[in-house]
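Colleague:
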Amino acid sequence: MKPSLFGYQAPASIEEAISILAGDPDAVVLAGGQTLLPAMNFRAANPSTLVDIQHVADLRGIEVGTEIIIVKAMTRHREFELDAAVARVNPLVAEVMQHVAHVPIRNRGTVVGSLCHADPSAEMPMLLVLLGGSVIAQGPSGRREIAAEDFFQSFLTTARERDEIITEARFPVLPKGAGWAFDEVTRRHGDYAIAGVGCVLSLDDRGRASRVQLAACGIADTPVRLKEAENILTGTTLGASDLDAAVAASGAAVTQPDEIHVSHTYRRRALGTLIRRIVTMAAQRATQMETA
Amino acid sequence: MSTRQFGARVERNIDPKLLRGEGAFVDDIPLPDALHVAFLRSPHARARIVSIDASAAKRHPGVAAIYTSDDIGTLDVEMPLLIPHPSMKNPKTQRPLARGDVHYVGQTVAMVVAVDRYTAEDAAALIEVEYEPLPLEMDLAKALTDDAPLVHADVPNNLAAHFIQTSGNPDDAFARAEHVTKITVQVDRSTAAPMECRAVAARWDAVSGELTVWDGTQAPISVRGGLASVFELDEDKVRVIAPDVGGGFGQKVLLFYPDELLVPMAAMRLGRPVKYIEDRRENFLGSSQERTQIHTIELAALRTGEVIGLRDFFLHDTGAFIPYGIAVAQVASTSIAGPYRIPNIFVEFKAVYTPTVQVTPYRGCGRPQACFALERAMDQLAEELGLDRFEIRRRNLIAEKEFPYEREGLLFADGLKVTLDSGQYGKALAMAAAELGAESFAAEQAKARAEGRYLGLGLACYVEGTGLGPYEGGHVKIHPITGKVYVNTGLSTQGQGHDTVFAQIVADQLGVSPQDVIVVEGDTKAFDWGVATFASRAAVVSGNAIHKTALTVRKKVIEAAANMLDVDPDQIELRDSAAWVKGSNRFAPLAAIATASNPLRYAFNKAAQAATQFARASKHDGPPLADGQAPGLEATDYYSPSQSTWAYGVHGAIIEVDPGLCTVKIRKYVCIHDCGNMINPMIVEGQVLGGIAQGIGGALYEHLDYQADGNLANASLMDFLVPYATEIPNVSILHLETPTPLNPLGVKGVGEAGCIAVGAVVASGVEDALRPFGALKFHQVPLSPNMISYALETAGY
Chain A
15 MKPSLFGYQA PASIEEAISI LAGDPDAVVL AGGQTLLPAM NFRAANPSTL VDIQHVADLR
75 GIEVGTEIII VKAMTRHREF ELDAAVARVN PLVAEVMQHV AHVPIRNRGT VVGSLCHADP
135 SAEMPMLLVL LGGSVIAQGP SGRREIAAED FFQSFLTTAR ERDEIITEAR FPVLPKGAGW
195 AFDEVTRRHG DYAIAGVGCV LSLDDRGRAS RVQLAACGIA DTPVRLKEAE NILTGTTLGA
255 SDLDAAVAAS GAAVTQPDEI HVSHTYRRRA LGTLIRRIVT MAAQRATQME TA
Chain B
-4 MSTRQFGARV ERNIDPKLLR GEGAFVDDIP LPDALHVAFL RSPHARARIV SIDASAAKRH
56 PGVAAIYTSD DIGTLDVEMP LLIPHPSMKN PKTQRPLARG DVHYVGQTVA MVVAVDRYTA
116 EDAAALIEVE YEPLPLEMDL AKALTDDAPL VHADVPNNLA AHFIQTSGNP DDAFARAEHV
176 TKITVQVDRS TAAPMECRAV AARWDAVSGE LTVWDGTQAP ISVRGGLASV FELDEDKVRV
236 IAPDVGGGFG QKVLLFYPDE LLVPMAAMRL GRPVKYIEDR RENFLGSSQE RTQIHTIELA
296 ALRTGEVIGL RDFFLHDTGA FIPYGIAVAQ VASTSIAGPY RIPNIFVEFK AVYTPTVQVT
356 PYRGCGRPQA CFALERAMDQ LAEELGLDRF EIRRRNLIAE KEFPYEREGL LFADGLKVTL
416 DSGQYGKALA MAAAELGAES FAAEQAKARA EGRYLGLGLA CYVEGTGLGP YEGGHVKIHP
476 ITGKVYVNTG LSTQGQGHDT VFAQIVADQL GVSPQDVIVV EGDTKAFDWG VATFASRAAV
536 VSGNAIHKTA LTVRKKVIEA AANMLDVDPD QIELRDSAAW VKGSNRFAPL AAIATASNPL
596 RYAFNKAAQA ATQFARASKH DGPPLADGQA PGLEATDYYS PSQSTWAYGV HGAIIEVDPG
656 LCTVKIRKYV CIHDCGNMIN PMIVEGQVLG GIAQGIGGAL YEHLDYQADG NLANASLMDF
716 LVPYATEIPN VSILHLETPT PLNPLGVKGV GEAGCIAVGA VVASGVEDAL RPFGALKFHQ
776 VPLSPNMISY ALETAGY
């Protein structure tokens, strides 16, 4: 469990970093290293050069705007989790973050790194998809914005070109008065999700869902927006039969094949349970927001 | 010291060092100019090696040597069969490096020695091996069939051992039975996953002809004997040191692992220190594992619930080799009747070769499997007879007046008849019921169900034969300069706290504080004779040996002090590191007594002046040392147990199952246990809690996922689910102390106790919790969410 020989570069500017990537097809960006370095130790990843972006100017910090939270590439999970301004405009972030691995890993791992790794069982990609966020990719030919739903293409695969660096992720704030919730089922605390579900919803003054966003991780080769369920639930009072219908419509979204310890049936059962609980919890919070 | 140290919650002597990161593990031993080892391991579970080409690897810069089976001379033989037994027909052990065939994924094929581990791994990747893959069978039952592919060509049906033991008259009992219950249960393959993986470093001193080996082993003296034999050296020319070792749990008691022979060999051949630090992946692939057994157990009962007979047949997975003999299966088979009377027993097992790494004892050593089989059967019997689960156990537990309780015909791992020596089994059960709130639980359960929450009560009893012989020794010496006491024994510690409990034993006898007792173990230069750390035996066997020795030294101290202080020996008391004349302020420090007990020529310090030939205190009739006298305050003695001493306990839990997510939460865990007199209750609790945590791993999480091709799919700590602290509930541990009559200290072992019953408790509790969904059965651990989902699905939910 020692990595094979690799080079190391620590560019000071984003342009320099991009040019190293462009000039070496086997160079890989190093941010928090919480996935990449173990993979190298297993020799599952054998990059020619690590391009360490921690010294690149202007890749740190969080900017909270009125509509969007910008998370720069070197921002650690833990910073995002504990940021008070983020919590005010999007309390879902902290709720999701508690499930991301463990504190020592969150201290080092980066939000954008997790997005770029694109593990479909991970929480961060799901959060970006749920909120309808995006990332900014910068490459030799300039910057482009990629919507979350276009970014995650398949298992560990994103729309990022290999000579691009994701400089920031953009997470929308929650709509005023919206309820939110996230939960997941894992074998142990901090493990990747067998299934996880997040929800953001708004209620109208008659208690009907005027807008429902629902997404899941762990069930397919990318995080999944459960659009059929969203459509079914929108306009309803989110009662038991509405939830039944939403759950029934979501089963087909489970496309992960059977694993030794997680059958397709079990995953569907867990997904259904989570949808019921998470939507109900989000609705309760939305109601509380209204009465508050 | 007037307070008794034995039984006190003395803080562990070793903790400050370990907590400050000042421990010295094998990899911390400074070895200038050391070379480093990496192994090339088989990627196939069964294959024939067609060719090995190491030429490119040998040319790789930084490589010192590459060894295959052709290059290791007399070491190219099968390694020892450690515990022979007539039930094995053609026992197979491994060669250090594969020759001809490979028998499991991870088997060592070649060893690379290089300037650093990185280079060694790079070079290992350059060795080209051509394999011809062979068919294989991973399933235990299928492996026994006539047409199954063989792990060893000359072992038909993959049958490694077949053994039957009978106690009483089981056929008659089953003929008389009013009710018979029968179940098949399975405990799956697991591994100890010690925090520190295995490690070996060696240095050969060509001038003195001495070989020094640092080995994270549980058996340094046995390893020394083996190395001396293999390299044809006198034992005194081989020094094996087990320095700080980060957990063993049985995995580190096997000898030999290939590296334990090949690293010293390379050091001797290359004339430089050589080091091998096993990494986590190698620990999963190449270090011993345990657990898979499939039991079909029947209980013959009367309608009262009295169990009059037991029949058990089980398959035991021994992996590709059987170096430790049938120990695991034998312990399982002799623990099968647990703490219950059950006078008539038939137990039969077949040990089966599978193309996986060898199976040797892992904390529990067959007992968790036996406990799971018996306790799940007891639950089923209770249900079928309409009896409460506590009540059926109460009716069968051996009563205090029945001890010693013998199981004629069952021979335990020490080759002696199973004889349960002492205990208060019934009281332990009653305490568990009280601590769990068993009486009011039905109401609590009903209330929770009304709220849509599913609570269940789980219960299991266990026994554990501990403290096996043959023997251990103790050496106690009072240091003449400081008055501190040095203690040695032959076995070694992996973090259990030996240094503290042995110190407590000695402190009481010599009137010193435990902090002034320095225990040095795990170094063959410190103590010459002994066996190893296994079978929950250190406190029992070494503890009693050290106790006996301390008594001898105490006698010497008192005699010498009486002489110095000019009183009768019965006027002397030992406290505060000194000998006092009772009821007076006259005393002599232990250092002074030790110095005076050593007749000196040269007065190197003030105290020593009193021991020289012209000093008043050394006036003797005759020579300074009388016939039969030895200098100093020192003694060595040994303890050899007459038989194993049997600890026991009752575990129970309140468990919540979430049927929607199929998850299990342990709401409350109760452990009543009895290991006889406790030397240090805090250390006992640490042992028990650690065992329970490991047991929870085995009950819910830890499962080695072997694929049909023999590859291990989860050879990492990311995928092999060792429970975190977040998965371990608070445990309430209640002690019972029934001194064993078998040894002077009245102690029984406790190292393995915690893990034994947990699987049975959890399965029992999950079944109870899910009763509203029907009679769902959980007969396999680890019990996964998937199994719960499947059971619910089968029941129509």
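Protein sequence lines correspond, in order, to chains A and B.
Residue numbering for the first sequence follows my numbering, beginning at 15 and increasing consecutively.
Residue numbering for the second sequence follows my numbering, beginning at -4 and increasing consecutively.
Even for Gly, the Cβ is constructed at its ideal location relative to N, Cα and C.
1. Look up A/P186 in the DSSP assignment and give the residues it is bridged to.
2. Roughly how many angstroms separate the alpha carbons of B/E370 and B/A455, rounded to a whole number?
3. Below 7 angstroms between beta carbons is the criterion; list the residues of the stretch 645 to 679 of chain B that meet it against any residue of chain A, in chain order.
4. List, in chain order, every chain A residue whose beta-carbon is nearer than 8 angstroms to that of B/E722.
5. So is B/N781 in contact with chain A if we call contact Cβ pairs under 8 angstroms?
6. Mind listing the chain B neighbours of A/M15? Cutoff is C-beta to C-beta under 7 angstroms, in chain order.
7. Can you find a C-beta in chain B that's less than 8 angstroms from the C-beta of A/V276?
8. What residue does the beta strand (DSSP E) around B/D307 start on, and which one ends it?
9. Keeping to the same chain, check which residues put their C-beta closer than 6 angstroms to that of B/G57; ignore five residues upstream and five downstream.
10. In the DSSP assignment, the beta strand (DSSP E) including B/L206 goes from what residue to what residue?
11. Indicate whether B/L70 and B/V225 have their beta-carbon atoms separated by less than 8 angstroms.
12. Just checking my contact of B/P165 with B/R306 at CB under 8 angstroms: how many whole Å lie between their CB atoms?
13. Could you have a look at B/M(-4) and say whether DSSP puts it in helix, strand or coil?
14. Per DSSP, what kind of secondary structure is A/L247 in: helix, strand or coil?
15. Taking CB distances under 8 angstroms as the criterion, tell me whether B/R112 reaches chain A.
16. Would a check of beta-carbon distances place B/D254 closer than 8 angstroms to chain A?
17. Quick one: measure Cβ to Cβ for B/A196 and B/V269, integer angstroms, because I've assumed they're closer than 8 angstroms.
18. Taking the beta carbon of B/H668 as the centre, do at least 16 other beta carbons fall within 10 Å, making it buried, or is it exposed?
19. What ranges does the beta strand (DSSP E) occupy inside the stretch 4 to 39 of chain B, keeping only unbroken runs of at least 3 residues that lie completely in it?
20. Quick test of your reading: A/A300 and A/L215, contact by CB under 8 angstroms. State the CB separation rounded to the nearest angstrom.
21. Using a Cβ-Cβ cut-off of less than 9 angstroms, give me the residues of the stretch 210 to 221 of chain A that come near chain B, in sequence order.
22. Using a beta-carbon distance cut-off of less than 7 angstroms, what residues from the stretch 276 to 302 of chain A approach chain E?
23. Please look up how many angstroms separate the CB atoms of B/T212 and B/A237, rounded, as I've assumed it's under 8 angstroms.
24. Excluding the 5 residues preceding and the 5 following B/L249 in the sequence, name in chain order all residues of the same chain whose CB lies nearer than 7 angstroms to its CB.
25. Buried or exposed for A/M54, please, with buried defined as at least 16 other CB atoms from any protein chain shown within 10 angstroms of its CB.
26. Can you round the beta-carbon distance between B/I553 and B/A574 to whole angstroms, since I take them to be within the 8 angstroms contact cut?
27. A/V114 touches chain B at which residues, Cβ-Cβ below 8 angstroms?
28. Counting only C-beta atoms, is B/D700 closer than 8 angstroms to chain A at any point?
29. Using only the heavy atoms of the ligand FAD, determine whether one of them is closer than 7 angstroms to the beta carbon of B/A438.
30. Give me the chain B residues within the contact set of A/S135, using Cβ-Cβ distance strictly less than 9 angstroms, ordered along the chain.
31. What does a CB cutoff of less than 6 angstroms around B/D494 pick up in its chain, not counting 5 residues either side in sequence?
32. Just checking: is the beta-carbon of B/D117 within a distance shorter than 8 angstroms of some beta-carbon in chain A?
33. Would you mind stating whether A/M140 and A/C231 have Cβ atoms separated by less than 8 angstroms?
34. Which residues of chain B have a Cβ atom closer than 9 angstroms to the Cβ of A/S18, listed in chain order?
35. Given a cut-off of 8 angstroms, decide if B/A42 and B/V104 are closer than it, judged by their beta-carbon atoms.
36. Could you tell me whether the Cβ atoms of B/M373 and B/R390 are closer together than 8 angstroms?
Modeller: In brief:
1. A/I82
2. 6 angstroms
3. Answer set for the stretch 645 to 679 of chain B: G655, L656, C657, T658.
4. R202, H203
5. yes
6. D274, R275, R276
7. yes
8. 302 to 314
9. A109, V110, T114
10. 205 to 210
11. yes
12. Contact holds; Cβ gap of about 6 angstroms.
13. The predicted position of B/M(-4) is uncertain, since its pLDDT is 42 and thus under 50; no value can be drawn from it.
14. Looking at A/L247 - three-state DSSP - the assignment turns out to be helix.
15. yes
16. no
17. 7 angstroms
18. Per the 10 Å Cβ criterion, buried.
19. 30 to 36
20. 6 angstroms
21. When CB distances to chain B are screened at a threshold of 9 angstroms, not a single residue of the stretch 210 to 221 of chain A falls below it.
22. The structure shown has no chain E; the protein chains it does contain are A and B.
23. 5 angstroms
24. S283, P318, Y319, T355
25. buried
26. Here B/I553 really is in contact with B/A574; their C-beta atoms are around 7 angstroms apart, less than 8 angstroms.
27. Within 8 angstroms of the CB of A/V114, no CB atom of chain B is found; the nearest one sits about 14 angstroms away.
28. yes
29. No copy of the ligand FAD occurs in the structure displayed, which carries no ligand at all.
30. Close partners of A/S135 in chain B (Cβ separation under 9 angstroms) are lacking, with about 12 angstroms as the shortest Cβ gap.
31. N8, I9, V514
32. yes
33. yes
34. Y113, E116, D117, A120
35. Contact: no.
36. B/M373 places its beta carbon 8 angstroms or farther from that of B/R390.
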